[in-house]
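So that you can map any letter, position 100 of the sequence shown is 98 in my numbering, and since no number is skipped, the others follow by simple counting. Where is the CB? At the ideal position from N, CA and C, for every residue including glycine.
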Amino acid sequence: MRRKAKDERVTLIVGLGNPGERYSGSRHNMGFRVVEALSRHWRSGRPDYLRWSMCAAAEYGGRKVLLVQPLTFMNRSGLAVEELFSRFSAEPENLIVIHDEMDLPPGVLRLKKGGGAAGHRGVQSIIDTLGTADFIRLRMGIGKAPPGEEGADYVLGRFAPEEEELMEAAVNRAVQALATLLEEGLESAMNKFN
């Protein structure tokens, strides 16, 4: 993958998750799941492997997009984003991060720009690395852990079969929300999908 010139605008869409088969399909990997759906819908090219991430180039609405899955574990997601910023001369305004959100009910999604990490260590890693929280996030609701279950165990667990249909619909809605975001801007996408 060649370095992009500074004047070419590339939107980085980074789906957070943990690499490896052990974590595939877990609640914590909602970001990966959305990026995989975007890759299918937007017919991205073959993925390239950087040191800290797997990236696939796509184009949507005349904009160049890089669909990214960090190869670091969740808590070190900032390493992947830092590498991308360096390689593609990106800025926070060109970054969209997709992640699971325990504070939202399963299947609910919310777009926002800026704000704290709300306890999400992958998001916090990115904020710490960039030195700013001023980037767009797509928060994918997974619900709270049931009483007696640790949050870490819950997010690393898989969805119940009865939740799968709801989550698949949420992923499809996320694809639509991101398309609207790129075509019409954040405010319009928030009004339609939040």
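(request) Excluding the 5 residues preceding and the 5 following residue 126 in the sequence, name in chain order all residues of the same chain whose CB lies nearer than 7 Å to its CB. (result) Result list for residue 126: 76, in chain order.
(request) From the DSSP output, in three-state form, read off residue 94 for me. (result) Here residue 94 sits in strand by DSSP.
(request) Have a look at residue 5 and residue 151 and give me their C-alpha separation to the nearest angstrom. (result) For residue 5, the pLDDT reaches just 41, beneath the cut-off of 50, and the residue's location in the model is therefore unreliable, leaving the point undetermined.
(request) Give me whichever residues DSSP pairs with residue 12 in a beta bridge. (result) 66, 95
(message) Mapping the DSSP letters down to three states, classify residue 180 as helix, strand or coil.
(response) helix
(message) In the DSSP assignment, the beta strand (DSSP E) including residue 139 goes from what residue to what residue?
(response) 134 to 139
(message) By the three-class DSSP mapping on this structure, what secondary structure does residue 72 have?
(response) helix
(request) Report the rounded CA-to-CA distance for residue 198 versus residue 99, giving the unit in angstroms. (result) Residue 198 cannot be examined here, being either before or after the span of the chain that is shown, -1 to 192.
(message) Taking its Cβ as the centre, do 16 or more other Cβ atoms sit within 10 Å of residue 185, making it buried, or is it exposed?
(response) exposed
(request) Could you say which of 154, 12, 23 lies nearest to residue 93 if we only look at CA atoms? (result) 12
(request) Just confirm the distance between the C-beta atoms of residue 63 and residue 56, as a whole number of angstroms; I'd bet it's less than 8 Å. (result) 5 Å
(message) Starting from residue 34, trace the alpha helix (DSSP H) in both directions and tell me its first and last residue.
(response) 28 to 39
(request) Could you have a look at residue 142 and say whether DSSP puts it in helix, strand or coil? (result) Three-state result, residue 142: coil.
(request) Please look up how many angstroms separate the CB atoms of residue 153 and residue 140, rounded, as I've assumed it's under 8 Å. (result) Between residue 153 and residue 140 a beta carbon distance of about 7 Å is seen, short of the 8 Å cut, so the two are scored as contacting.
(message) So the candidates are 178, 112, 107; which of them puts its Cα closest to the Cα of residue 169?
(response) 107
(request) Go to residue 108, then tell me how far its beta strand (DSSP E) extends in each direction, as first and last residue. (result) 107 to 111
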